[in-house]
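Enquirer: Sending over a structure as structure tokens; questions will come in a sec.
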Amino acid sequence: MFGVWSYIACGTALSLSVVGPLPGPIPAEVVEVIDADTIAVRAFIWPGHSVETRVRLAGVDAPETRRPDCEAERALGQEAARTVRDLLPPGRAVSLYEVELGSFAGRVVARLESGGEDLGAWLMARGLAQAYGRSDFCRGADTGSDD
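Residue numbers (the numbering used here): 62 to 208.
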């Protein structure tokens with residue numbers, strides 16, 4: 062019997078990856094803000110069932126705090142993370158849209174909205190994040206090198 066359920070579970074997971082992103086909205090609540098562009102949530106996938114996962118904001122790159130390229134990036138990363146923690150305390154209701162599997166196990170990439178506002182767009186509009194793949198938080202900053 063276990064083999065049958067394993068087959069069904071694997072088939073379901075594979076079929077979801079073939080279908081593409083789930084359009085949403087998927088209701089969720091904040092568990093923890095990891096950093097400005099990664100939020101741990103509890104997503105309510107159907108009545109009586111939820112799943113905890115980390116959500117990477119789609120199309121958004123926030124400054125790094127753990128391995129920044131310069132001190133300016135670290136400072137902006139800390140400000141961005143603090144701002145998101147203030148906006149999204151644990152238990153805050155959010156909605157997920159365009160949910161896709163991320164490149165790391167257990168993480169998804171999605172748009173996250175709170176109060177009808179897209180968090181990624183909100184961060185970029187305030188200079189706390191940049192478009193993914195085009196970010197350079199150290200441009201014009203002193204990187205500490207003697208070059």
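Glycine included, each C-beta is placed from N, C-alpha and C at the ideal position.
These numbers come from a predicted model, not from an experiment.
Write down every uninterrupted run of the beta strand (DSSP E) in the segment 146-200 whose length is 3 residues or greater and which is fully enclosed by it, in chain order.
Expert: 154-162, 168-175
Enquirer: Check for me: the beta strand (DSSP E) holding P82 runs from which residue to which?
Expert: Locating residue 82 in the sequence shown gives position 21, where the first residue counts as 1. Unbroken run through P82: none, as it is neither H nor E.
Enquirer: Out of I87, V80, L83, which has the shortest C-alpha to C-alpha gap to A154?
Expert: By 1-based counting over the sequence shown, the position of residue 154 is 93. Minimum Cα distance to A154 is reached at I87.
Enquirer: For I100, write down the residues that DSSP places opposite it in a beta bridge.
Expert: Residue numbering aside, residue 100 sits at position 39 when the sequence shown is read from its first letter. BP columns for I100 point to V94, V116.
Enquirer: Quick check on V89: does DSSP put it in helix, strand or coil?
Expert: Reading the sequence shown from its first residue, position 28 is the one you call residue 89. The amino acid at residue 89 is misidentified as Val; the sequence shows Ala. Strand, per DSSP.
Enquirer: As a quick exercise: from E113, E93, V112, P124, pick the residue whose alpha carbon is nearest that of G188.
Expert: As a position in the sequence shown, residue 188 is number 127, starting the count at 1. That would be P124, whose Cα lies nearest to the Cα of G188.
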